[in-house]
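Chemist:
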Amino acid sequence: MRSEYDFSGGTRGKHFRELREGYRVIIHHKDGSTTEQEFKPGKNVVFLDPDLLPYFPDSESVNQTLRSLVALIPQKTT
């Protein structure tokens, strides 16, 4: 991050609820035209609550923990 960027007055996670639902970007071109692009979360997206982020900093840690929990579930015999 460049030294001239000062985020000391910012609030972390200020817009996270709105962004969870998806968002739209409008690009204004030099010729006066605009392009809109919509971003929506994928079907397999799971959102962690802020208190869990220190324990699960990335997808790998989440998946590893879930796999170890699944291994504890007794298998049904038929």
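Residues in the sequence shown are numbered from 1047 upward in steps of one, following the numbering used here.
Each residue gets a CB set at the ideal place from its N, CA and C atoms; glycine is no exception.
(1) Is it the case that the Cβ atoms of residue 1068 and residue 1093 are separated by a distance below 8 Å?
(2) Name the residue from 1099, 1052 and 1048 whose alpha carbon lies nearest to the alpha carbon of residue 1059.
(3) Could you pull out every unbroken beta strand (DSSP E) segment of at least 3 residues lying fully inside the segment 1049 to 1092, listed in chain order?
(4) So the candidates are 1065, 1122 and 1121; which of them puts its Cα closest to the Cα of residue 1087?
Modeler: Result, derived from the coordinates:
(1) The count along the sequence shown starts at 1 and reaches residue 1068 at position 22. The count along the sequence shown starts at 1 and reaches residue 1093 at position 47. Residue 1068 is not a Cβ neighbour of residue 1093, given a cutoff of 8 Å.
(2) By one-based count along the sequence shown, residue 1059 stands at place 13. Selected option, being the one with the closest Cα: 1099.
(3) 1069 to 1074 and 1080 to 1085
(4) Mapped onto the sequence shown, residue 1087 falls at position 41. Nearest of 1065, 1122 and 1121 to residue 1087, Cα basis: 1065.
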